[in-house]
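One rule links them: number in the numbering used here = place in the sequence shown (from 1) + 1415.
Single-structure report; data block below.
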Amino acid sequence: MADYQGALPTPTHDTQPYWDAAKEHRLVLPYCAACDAYDFYPRPFCRQCFSWDIEWRDASGKGTLHTYVINHRPARGFDEMTPYVIAVVELEEGPRMMTNIVMEEEPTVDNLPIDAPVEVVFDDVTDEVTLPRFRLVQS
Ligand SMILES: [Zn+2]
């Protein structure tokens, strides 16, 4: 945990609840009661109906692998992780989220099929910051 050198989020007023929940190993999403729909990323109003009646709700942490890239040329601080997977996961609740896919074996196009089921894992990268990432659901 102490040797994490990658980028860290800077929570804002609008994103602090998301990071607080992640630290508790919960994935939460903004929910609009007027639309009966979830949205992501966090913002103070609904981008569908412009309602300001947004609340945070726990998400299932399940989804599917929408798309990804296997990165072999690390950004600064990510050298130790190379190769790593930058992915867009489509959550069960609807929104898509950019994240990483974590896996034991080296990622390849053969072991990362599009639409594969994934589930959230929580990576405590520092004492203060936990990053929600995803892994393939083993069938
Ligand atoms: Zn709405």
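Just so you know, even glycine gets a beta-carbon here, dropped at the ideal spot from N, CA and C.
Note that the structure is a prediction, hence the values are computed from the model and not measured.
When secondary structure is reduced to three states using DSSP, Ala1437 falls in the helix class.
By the beta-carbon neighbour count (other beta carbons within 10 angstroms, threshold 16), Thr1497 is exposed. When secondary structure is reduced to three states using DSSP, Pro1432 falls in the helix class. Taking all protein chains in view, the Cβ of Ala1490 is surrounded by fewer than 16 other Cβ atoms within 10 Å, so the residue is classified as exposed. Two segments are said to touch when three or more pairs of C-beta atoms, one from each, lie closer than 8 Å; by this definition the region 1513–1520 does not touch the region 1458–1467.
The region 1422–1503 contains, as complete alpha helix (DSSP H) runs of 4+ residues, the segments 1431–1438 (chain order). Per DSSP, reduced to three states, the secondary structure at Glu1505 is strand. One Cα belongs to Pro1532, the other to Ser1466, and the distance between them is close to 32 Å.
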